[in-house]
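Trainee: Chains as they are written, first to last, in our numbering: chain A, 12 to 152; chain B, 177 to 656.
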Amino acid sequence: MTSPAGHRLIPHTADMGIEAWAGGLEALFVEAGQGLRQMLVGTAPVYAQRTLTVSLTAGDRAELLVAWLNELLFHFEVDGLVPAAFRVDRLDDTCLQAEIGGELFRPERHPLHHQVKAVTYHQLILERRRHGWFARVYVDL
Amino acid sequence: MSLRIEQIDACRWRIPRTGAMRTEGLVFASAAMMADLRREQALEQVCNVACLPGIVGPAMAMPDIHWGYGFPIGGVAAFDATEGVVSPGGVGYDINCGVRLLRSDLEVAELRPVLNRLVDALFRNVPSGVGSERRDLRLSVAEEQQVLTRGAAWAVKRGFGIPADLDHIEERGAIAGADPAAVSARALERGRCQLGTLGSGNHFLEVQQVEEIFDPAAAEILGLFPGQVTVSIHTGSRGLGYQVCDDSLKEMLSAARRYGIELPDRQLCCAPLTSPEARHYLAAMACAANFAFANRQIITAWVRETFEQLLGRGQADLRLGVIYDVCHNIAKWEEHDVDGRKRRLCVHRKGATRAFPPGHAETSAAYQSIGQPVLIPGDMGRYSYVLVGTAGALRETFGSTCHGAGRVLSRHAAKKAARGHDVIGELASRGILVRAAGRGTVAEEISEAYKDVADVVAVVAQAGIGKIVARLKPLAVVKG
Numbered sequence: 012m013t014s015p016a017g018h019r020l021i022p023h024t025a026d027m028g029i030e031a032w033a034g035g036l037e038a039l040f041v042e043a044g045q046g047l048r049q050m051l052v053g054t055a056p057v058y059a060q061r062t063l064t065v066s067l068t069a070g071d072r073a074e075l076l077v078a079w080l081n082e083l084l085f086h087f088e089v090d091g092l093v094p095a096a097f098r099v100d101r102l103d104d105t106c107l108q109a110e111i112g113g114e115l116f117r118p119e120r121h122p123l124h125h126q127v128k129a130v131t132y133h134q135l136i137l138e139r140r141r142h143g144w145f146a147r148v149y150v151d152l
Numbered sequence: 177m178s179l180r181i182e183q184i185d186a187c188r189w190r191i192p193r194t195g196a197m198r199t200e201g202l203v204f205a206s207a208a209m210m211a212d213l214r215r216e217q218a219l220e221q222v223c224n225v226a227c228l229p230g231i232v233g234p235a236m237a238m239p240d241i242h243w244g245y246g247f248p249i250g251g252v253a254a255f256d257a258t259e260g261v262v263s264p265g266g267v268g269y270d271i272n273c274g275v276r277l278l279r280s281d282l283e284v285a286e287l288r289p290v291l292n293r294l295v296d297a298l299f300r301n302v303p304s305g306v307g308s309e310r311r312d313l314r315l316s317v318a319e320e321q322q323v324l325t326r327g328a329a330w331a332v333k334r335g336f337g338i339p340a341d342l343d344h345i346e347e348r349g350a351i352a353g354a355d356p357a358a359v360s361a362r363a364l365e366r367g368r369c370q371l372g373t374l375g376s377g378n379h380f381l382e383v384q385q386v387e388e389i390f391d392p393a394a395a396e397i398l399g400l401f402p403g404q405v406t407v408s409i410h411t412g413s414r415g416l417g418y419q420v421c422d423d424s425l426k427e428m429l430s431a432a433r434r435y436g437i438e439l440p441d442r443q444l445c446c447a448p449l450t451s452p453e454a455r456h457y458l459a460a461m462a463c464a465a466n467f468a469f470a471n472r473q474i475i476t477a478w479v480r481e482t483f484e485q486l487l488g489r490g491q492a493d494l495r496l497g498v499i500y501d502v503c504h505n506i507a508k509w510e511e512h513d514v515d516g517r518k519r520r521l522c523v524h525r526k527g528a529t530r531a532f533p534p535g536h537a538e539t540s541a542a543y544q545s546i547g548q549p550v551l552i553p554g555d556m557g558r559y560s561y562v563l564v565g566t567a568g569a570l571r572e573t574f575g576s577t578c579h580g581a582g583r584v585l586s587r588h589a590a591k592k593a594a595r596g597h598d599v600i601g602e603l604a605s606r607g608i609l610v611r612a613a614g615r616g617t618v619a620e621e622i623s624e625a626y627k628d629v630a631d632v633v634a635v636v637a638q639a640g641i642g643k644i645v646a647r648l649k650p651l652a653v654v655k656g
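(1) Find the nearest neighbour of B:R520 within the set B:V359, B:I389, B:H410, B:F255, judged by alpha-carbon distance.
(2) What does DSSP give as the partner residue(s) for B:C522 in the beta ladder?
(3) Do B:G568 and B:G251 have their C-beta atoms closer together than 8 Å?
(4) Mind pulling the chain B residues with CB within less than 7 Å of A:E88?
(5) Buried or exposed, going by whether 16 or more other CB atoms sit within 10 Å of the CB of A:H121?
(6) What three-state label does DSSP hand B:E388 in the structure shown?
(7) For the beta strand (DSSP E) that A:E138 lies in, which residues bound it at each end?
(8) Please look up how many angstroms separate the CB atoms of B:D270 and B:Y500, rounded, as I've assumed it's under 8 Å.
(9) Which one of B:C223, B:G195, B:A196, B:L364 has the shortest CA to CA distance from B:W189?
(10) Which residue from B:G557, B:L551, B:A318, B:A581 puts its Cα closest to that of B:R279?
(11) If we cut at 8 Å on Cβ distances, does A:D151 have a partner in chain B?
(12) Using the beta-carbon count (16 or more within 10 Å), is A:E138 buried or exposed?
(13) Whose C-alpha, out of B:Q321, B:I345, B:R326, B:V332, is nearest the C-alpha of B:E365?
(14) Would you give the residue range spanned by the beta strand (DSSP E) that B:C227 belongs to?
(15) Within a Cβ cutoff of 7 Å, which residues of the same chain sit near B:P448, ignoring the five residues on either side of it in sequence?
(16) For chain B, check one thing: does any of its Cβ atoms lie closer than 8 Å to the Cβ of A:M50?
(17) Measuring CB to CB, does B:K591 end up less than 8 Å from B:A619?
(18) Can you list, in chain order, the residues of its chain with a C-beta nearer than 6 Å to that of A:Q108? Leave out the 5 residues immediately preceding and following it.
(19) Distance check for B:A297 and A:W79, CA to CA, integer angstroms please.
(20) Could you give the distance in angstroms between the alpha-carbon of B:Q473 and the alpha-carbon of A:W32?
(21) Is the CB of B:W189 under 8 Å away from at least one CB in chain A?
(22) Is there a C-beta anywhere in chain B that falls below 8 Å from the one on A:T54?
(23) Which residues of the region 571-587 of chain B have a Cβ closer than 8 Å to any Cβ of chain A? Give them in chain order.
(24) Can you list the residues of chain A that B:W243 reaches, using a CB-CB cut of under 8 Å?
(25) Tell whether a beta-carbon distance below 8 Å holds between B:G137 and A:A55.
(26) Would you call the region 341-350 of chain B and the region 458-470 of chain B in contact, with 3 or more CB pairs under 8 Å?
(27) Against chain E, with Cβ distances strictly below 8 Å, would A:A31 count as a contact?
(28) Rounded to whole angstroms, what is the Cα-Cα separation between A:V150 and B:G268?
(29) Should B:G557 be flagged as near chain A, meaning a C-beta pair shorter than 8 Å?
(30) Taking the alpha-carbon of B:I389 as reference, which of B:V562, B:K655, B:A593 has the nearest alpha-carbon?
(31) Buried or exposed for B:D493, going by 16 or more other Cβ atoms inside 10 Å?
(32) In angstroms, rounded to a whole number, what distance separates the CA positions of A:L75 and B:Q443?
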């Protein structure tokens, strides 16, 4: 964790993980979303040409993070929305409202890095650490 | 976490009960495999499964065990019908991911001249990779509901294959208890355009040759002979299954809280088998399983069509028949003898294959004398195996055995190992043609990423939880 906010992909024998860190919870959700985007299509620029508003609930904040990432995945797979930018409008312990901006999936523009089946709850971490918030999720590839 | 592991014999290891474990762990592995396993988290996951309520017998792991999420991959666990639980994480996201093996009357020499064109045509005709689909197969909402309840039989009725195919599929291609009302609108939406698609990752379609026969009598009943061309299909329930699992995990997380079930890992969330949440999950899981059976059935029809077109010969001549079709991610109601008493159990197999013996009521009529066929794919550069189930498996592992090679390298490490190599070119020089939607997938799926499946089936055979019949060598591979 060298910068105040960021994300990185971490290895797992069969699958992969995302670690994200940020000063605030909203920024943490944004970083985790960027991590998933990186896993799906890499780091090439994607622009927020269209937007989508989502409203999610879950049992607690960690589960909300999983729900958020699975929501991004659903819209990627079903609507072909490659996520680019995120705005968190409301976030509490069990509820998230956010806007997802992105562009429509085109294989020639968005080289697919990994097809992600789902974001899991395995060894899920979302916690406050000394310098801010930290999260780790594993995905099923 | 340092685990105490006791060696029982050359291929069995016990993890004694400690802490919150309700039973011991039993791992099938060679000493060399165990040395590798001690370095990763899969054994800890065996212990976590052993903590779940109502587990019957040990929490088991097959020799292809590796680190999964929640349950280890290669995990088998059975639960009592009244005291036990069902855990969607113990089935996995790709519900009824499985393998189907087709035989043929073709010999490899007949195929060689057209192999290049054949693999191109298979790659074209069977959608693989993200977002690919056949425009000529679009399901209406009503049709999708039929797929979920009738599975492979729906596909046959729609003209994909013949009724005789159903005789050679686990559960005849439809698991009972499927209720489409238990499947969310989102899961239905994800599934509608993905029926008849291979997907990506470790899913594949492979044209193979029978390289060696180990059990001639069983091979003859299976219709296998040396030099013969076979085709393997490895895929599952696609986005529909992933969504069913994800929806159910959310429900099970709150159910586990409500029923006071302590979870060593949230991914193990579960509900008592007697609860409405469990019934709901099992009804949805059966739908996803049936979707997967239909998926492999449709792909089978396209494989047959492609062979016919390329070779200009009909089915009467090619005889591309289904040898068998197995699930390796599933939870099933089964009756087993436990300490001399018949008990109804919910057997979870996550990256494990059912391996029922000769004479078992659930073994297909055609295979009553040899046992249920068990299909064990290896990696794309080496070989796959055909086994049959045994009485030993029924006695010791609730009739279960391994499902594949099992990964040893992470995808990242595999990519690194493949760097500087022309993986596709190197395989081609060894006579294995590969077509893939994404180049990254090929690097991640290199042989070195997997255990040698020969070692895995050797442990299975030594332990008596499967009997080796034949080894198949890849000729052409289609990857997502």
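Note that beta-carbon positions come from the ideal geometry of N, C-alpha and C, so glycine has one too.
Mentor: A quick look at the data gives this:
(1) Residue numbering aside, residue 520 of chain B sits at position 344 when the second sequence is read from its first letter. Answer by Cα proximity: B:F255.
(2) For the purposes of this step, residue 522 of chain B is taken as residue 346 along the second sequence, with counting starting at 1. Residue pairing from DSSP places B:C522 in a beta bridge opposite B:F255, B:W509.
(3) In the second sequence, counting from the first residue as 1, residue 568 of chain B sits at position 392. In the second sequence, counting from the first residue as 1, residue 251 of chain B sits at position 75. Going by C-beta atoms, B:G568 is not nearer than 8 Å to B:G251.
(4) Working through the first sequence from its first residue, we reach residue 88 of chain A at position 77. Residues of chain B passing the Cβ test: R366, G415.
(5) Stepping through the first sequence from its first residue, residue 121 of chain A is reached at position 110. The residue is buried, with at least 16 neighbouring Cβ atoms inside 10 Å.
(6) Start at 1 with the first residue of the second sequence, and residue 388 of chain B comes out as number 212. Note: B:E388 maps to strand in three-state DSSP.
(7) Counting from one through the first sequence, the residue named residue 138 of chain A turns up at place 127. Run containing A:E138: 136-140, per the beta strand (DSSP E) assignment.
(8) Stepping through the second sequence from its first residue, residue 270 of chain B is reached at position 94. Stepping through the second sequence from its first residue, residue 500 of chain B is reached at position 324. About 19 Å separates the CB atoms of B:D270 and B:Y500; that is not less than 8 Å, and the two are not in contact.
(9) Taking the first residue of the second sequence as position 1, residue 189 of chain B is located at position 13. Per the C-alpha coordinates, the member of B:C223, B:G195, B:A196, B:L364 positioned closest to B:W189 is B:C223.
(10) Position 103 of the second sequence, counted from the start, is the residue given in the question as residue 279 of chain B. Ranking B:G557, B:L551, B:A318, B:A581 by Cα distance to B:R279 puts B:L551 first.
(11) Position 140 of the first sequence holds residue 151 of chain A. Taking Cβ atoms only, chain B reaches closer than 8 Å to A:D151, which makes this a yes.
(12) Here residue 138 of chain A refers to the residue found at position 127 of the first sequence. Answer is exposed; the Cβ neighbour count stays below 16.
(13) By one-based count along the second sequence, residue 365 of chain B stands at place 189. Comparing C-alpha distances from B:E365 to each of B:Q321, B:I345, B:R326, B:V332 shows the shortest one belongs to B:Q321.
(14) The sequence position of residue 227 of chain B within the second sequence is 51, counting from 1. Going by DSSP, B:C227 is part of no beta strand (DSSP E) at all; its letter is neither H nor E.
(15) Residue 448 of chain B sits at position 272 when you count from the first residue of the second sequence. Excluding sequence positions up to five before and after B:P448, its CB lies within less than 7 Å of the CB of V261, Y435, A454, all in the same chain and listed in chain order.
(16) Position 39 of the first sequence, counting from 1, holds the residue named residue 50 of chain A. False, the Cβ-Cβ gap to chain B never drops below 8 Å.
(17) Locating residue 591 of chain B in the second sequence gives position 415, counting from the first residue. Locating residue 619 of chain B in the second sequence gives position 443, counting from the first residue. One thing to note: B:K591 has its Cβ within 8 Å of the Cβ of B:A619.
(18) Your numbering for residue 108 of chain A matches position 97 in the first sequence. The answer, listed in chain order, is S66, D100, R101.
(19) Here residue 79 of chain A is taken as the residue at index 68 of the first sequence, counted from 1. Here residue 297 of chain B is taken as the residue at index 121 of the second sequence, counted from 1. Straight across, the Cα-Cα distance linking A:W79 with B:A297 is about 39 Å.
(20) As a working note, residue 473 of chain B is residue 297 in the second sequence. As a working note, residue 32 of chain A is residue 21 in the first sequence. Each residue's Cα considered, the two are about 45 Å apart.
(21) To locate residue 189 of chain B, count along the second sequence from 1; it is residue 13. Look at B:W189: its C-beta is not under 8 Å from any C-beta on chain A.
(22) Residue 54 of chain A sits at position 43 when you count from the first residue of the first sequence. Closer than 8 Å: no.
(23) Near chain A, meaning a CB-to-CB distance below 8 Å, the residues of the region 571-587 of chain B are R583, V584, L585, S586, R587.
(24) Looking up residue 243 of chain B in the second sequence gives position 67. Going along chain A in sequence order, the residues near B:W243 (Cβ under 8 Å) are H23, T24, A25.
(25) With chain B running from 177 to 656 in the structure shown, residue 137 of chain B is simply not present.
(26) Three or more beta-carbon pairs separated by less than 8 Å link the region 341-350 of chain B to the region 458-470 of chain B, which places the two stretches in contact.
(27) The structure shown has no chain E; the protein chains it does contain are A and B.
(28) Along the first sequence, read from residue 1 onward, the residue named residue 150 of chain A stands at position 139. Along the second sequence, read from residue 1 onward, the residue named residue 268 of chain B stands at position 92. Here the C-alpha atom of A:V150 lies approximately 12 Å from the C-alpha atom of B:G268.
(29) Stepping through the second sequence from its first residue, residue 557 of chain B is reached at position 381. At a cut-off of 8 Å between C-beta atoms, B:G557 does not count as an interface residue with respect to chain A.
(30) Working through the second sequence from its first residue, we reach residue 389 of chain B at position 213. Of the candidates B:V562, B:K655, B:A593, the one whose C-alpha sits nearest the C-alpha of B:I389 is B:V562.
(31) Residue numbering aside, residue 493 of chain B sits at position 317 when the second sequence is read from its first letter. Burial check for B:D493: the Cβ neighbour count within 10 Å stays below 16, so the residue is exposed.
(32) Stepping through the first sequence from its first residue, residue 75 of chain A is reached at position 64. Stepping through the second sequence from its first residue, residue 443 of chain B is reached at position 267. So the two alpha carbons sit approximately 14 Å from each other.
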